[in-house]
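Beneath this line is the structure, given in structure tokens, with notes to follow.
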Amino acid sequence: MVNIQALINPRVPDSEALLEFAEALTDRAPDIERDMARLAQAPTDRVVIADIFRAMHNIKGDAAMCKVEMAALIAHPIESLLTRLRSGELRYSRMMGEAILLAVDRLELATEALVARKPLSHLKLVELVEGLEKLCLAQQSELDRLAAQVIQSVTGFRPQETLKAKIGKSSAQPMAQDHVVPDLHFFRSLAFQYEARSPLLQGRTGRILELAMETNRAAGSPVDATQLEAAVYMHDVGMMFLPESIWLKTGKVSEEERHALQAHPGLAAGLVERMQGWKAAAEMVLQHHEMPDGAGYPNGSMDDKICGGAKILAIVDAFEAVTLKHNVRGHKRSILRAIAEVNACDKQFAPEWIEPFNTVVRRMLEQQ
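Residue numbers for the sequence shown follow our numbering, beginning at 5 and rising by one.
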């Protein structure tokens with residue numbers, strides 16, 4: 005019987021031990037994701053299966069030692085499933101792999117929330133663990149159906165046979181006519197200069213542009229499309245005025261570095277607002293890291309002071325950031341798991357824009 009309270013309202017007696025667990029998980033999770041990608045390429049490789057099992061066993065052991073019961077409850081059924089996989093009793097499937105990776109994602113998010121003393125109820129950990137408990141006891145013939153049930157119950161999205169993202173193929177062509185708005189040539193060229201700083205950034209302009217435009221359309225196009233397009237191109241151009249060692253850093257940033265990063269919206273917005281006719285785009289750029297509860301930057305604006313275009317940018321930029329994080333880990337993130345992580349951080353975004361964004365992503369999944 006699952007201890008529901010440990011998943012909904014966990015109590016961790018030792019905050020230092022929790023931090024130790026969180027640090028260990030930060031080290032182990034990328035290894036699991038990398039090895040799961042290897043397993044997808046070689047589903048019968050016993051060495052890879054053993055590596056994943058060992059990593060999950062260590063996470064479970066860390067959780068027990070640090071008295072993080074929530075983590076142990078998530079890790080246990082995954083370990084049981086991997087035990088059966090290692091013995092040859094079960095065969096690996098991609099749907100099983102997606103369920104395991106989703107569980108690791110949720111474990112990371114839940115641990116981050118615990119450290120920050122934030123609620124966990126929106127992560128649907130009870131549904132996750134109950135689904136994993138059924139999955140680890142399943143027969144081979146039931147495996148994909150039950151894995152899909154776990155994914156849908158936690159994310160709200162129905163998984164498809166093929167879960168890889170297609171969005172990366174977008175070409176970043178402007179949605180507005182160049183002869184109508186010639187400044188877009190310049191804005192787009194700056195966006196491409198930003199992309200050129202790292203192979204990890206290549207193609208991001210097209211991906212973000214497509215998502216932003218489609219999200220706006222799904223909501224009835226309340227945001228001016230031309231201004232939104234300009235904001236997409238310019239929203240991160242301010243990064244280029246900062247040391248590359250800061251904004252291309254893949255590890256944790258210091259407080260000093262974080263403070264420097266928070267200057268980038270104002271730098272880009274300052275450029276845009278000095279060009280005639282782009283006041284709305286400048287506002288979107290300036291506000292795209294603001295949050296409805298006032299916890300964002302640079303001005304700590306509340307929900308009613310944040311423009312619609314900035315709210316769209318906040319969501320699609322976060323989606324891209326989640327994907328980038330896992331590309332750095334060496335594993336291409338599926339659309340489904342990326343959108344699940346964004347939705348799990350829903351307090352960070354304007355709720356009126358989450359549903360149109362989800363509609364766009366559902367359409368992408370259905371087209372696969």
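Glycine included, C-beta positions come from ideal geometry on N, C-alpha and C.
Self-check item: Same chain only: Cβ atoms within 8 Å of GLU345, ignoring 5 sequence neighbours per side
Solution: ASP109, LEU113 and VAL326, listed in sequence order.
Self-check item: Opposing strand residues paired with MET306 [DSSP bridges]
Solution: Paired residue(s): ASP297.
Practice problem: In the DSSP assignment, find the unbroken alpha helix (DSSP H) run with ASP148 in it and report its ends. | Solution: 147–159 is the extent of the alpha helix (DSSP H) around ASP148.
Self-check item: C-alpha distance - GLN156 paired with MET69, whole-angstrom precision
Solution: When rounded, the distance between both Cα atoms is 32 Å.
Quiz item: If we count Cβ pairs, one from each stretch, closer than 8 Å, do we get three or more for the region 91–109 versus the region 15–22?
Solution: No: the two stretches stay apart, fewer than three of their Cβ pairs being nearer than 8 Å.
Quiz item: Do VAL236 and ALA195 have their C-beta atoms within less than 9 Å of each other?
Solution: Contact flag set, yes.
Quiz item: For ALA33, which residues from the same chain have a beta carbon less than 6 Å from its beta carbon, with the 5 sequence-adjacent residues on both sides left out?
Solution: Excluding sequence neighbours, ALA33 sits near VAL108 and GLU112.
Quiz prompt | CA-to-CA distance, ARG208 to ALA200, given in whole angstroms | solution = In this model, ALA200 and ARG208 are separated by some 11 Å (Cα to Cα).
Self-check item: Spatial neighbours of VAL72 in its chain, beta-carbon cut-off 7 Å, leaving aside the 5 residues before and after
Solution: Excluding sequence neighbours, VAL72 sits near VAL16, LEU22 and PHE25.
Quiz item: Can you give the Cα-Cα distance for GLY312 and PRO226, rounded to whole angstroms?
Solution: Whole-angstrom Cα-Cα distance: 8 Å.
Quiz item: Is it buried or exposed for LYS122, if we count other Cβ within 10 angstroms and need 16 for buried?
Solution: With fewer than 16 other Cβ atoms within 10 Å, it is exposed.
Practice problem: Along the alpha helix (DSSP H) that carries VAL130, what are the first and last residues, could you check? | Solution: 129–140 is the span of the alpha helix (DSSP H), which, as asked, contains VAL130.
Quiz item: So, helix, strand or coil for ALA200, using DSSP?
Solution: Coil, per DSSP.
Quiz item: In terms of residue numbering, what span does the alpha helix (DSSP H) encompassing ARG110 cover?
Solution: First-last of the alpha helix (DSSP H) with ARG110: 98–119.
Quiz item: Mind checking ASP321: buried by the 16 CB within 10 Å criterion, or exposed?
Solution: By the beta-carbon neighbour count (other beta carbons within 10 angstroms, threshold 16), ASP321 is buried.
Exercise. Measure the C-alpha to C-alpha separation of TRP357 and ARG88 and round it to an integer number of angstroms.
Key: Between TRP357 and ARG88, the alpha-carbon positions lie close to 42 Å from each other.
Quiz item: Should the region 261–274 be called in touch with the region 234–253, which here means at least 3 C-beta pairs below 8 Å?
Solution: Contact between the region 261–274 and the region 234–253 is present, because at least three Cβ pairs lie under 8 Å.
Quiz item: The alpha helix (DSSP H) with PRO81 in it runs from where to where?
Solution: DSSP places PRO81 in the uninterrupted alpha helix (DSSP H) bounded by 73–91.
Quiz prompt | Whole-angstrom C-beta distance between ALA314 and TRP406, which should lie under 8 Å | solution = Nothing in the structure corresponds to residue 406, since the chain is present only between 5 and 372.
Exercise. Look up PHE191 in the DSSP assignment and say whether it is helix, strand or coil.
Key: Judged by DSSP in its simplified three-state form, PHE191 adopts helix.
Quiz item: Mapping DSSP to helix, strand and coil, what is TRP357?
Solution: In the structure shown, TRP357 sits in a helix (DSSP, three-state: H, G or I).
Self-check item: Integer-rounded CB distance, given that GLY101 should sit under 8 Å from MET60
Solution: The Cβ separation is near 13 Å, so there is no contact.
Quiz item: Is it buried or exposed for PRO360, if we count other Cβ within 10 angstroms and need 16 for buried?
Solution: Buried, since its Cβ has 16 or more Cβ neighbours within 10 Å.
Exercise. Quick one: grab the DSSP three-state call for LYS170.
Key: With a pLDDT of only 39 at LYS170, under 50, the local geometry of the prediction cannot be trusted, and the value read off the model is given with reservation. Residue state for LYS170 is assigned as coil, using DSSP reduced to three classes.
Quiz item: Exposed or buried, what is ILE8 when buried is set at 16 or more other beta-carbons lying within 10 Å of its beta-carbon?
Solution: Of the other Cβ atoms in all chains shown, fewer than 16 fall within 10 Å of the Cβ of ILE8; this residue is therefore exposed.
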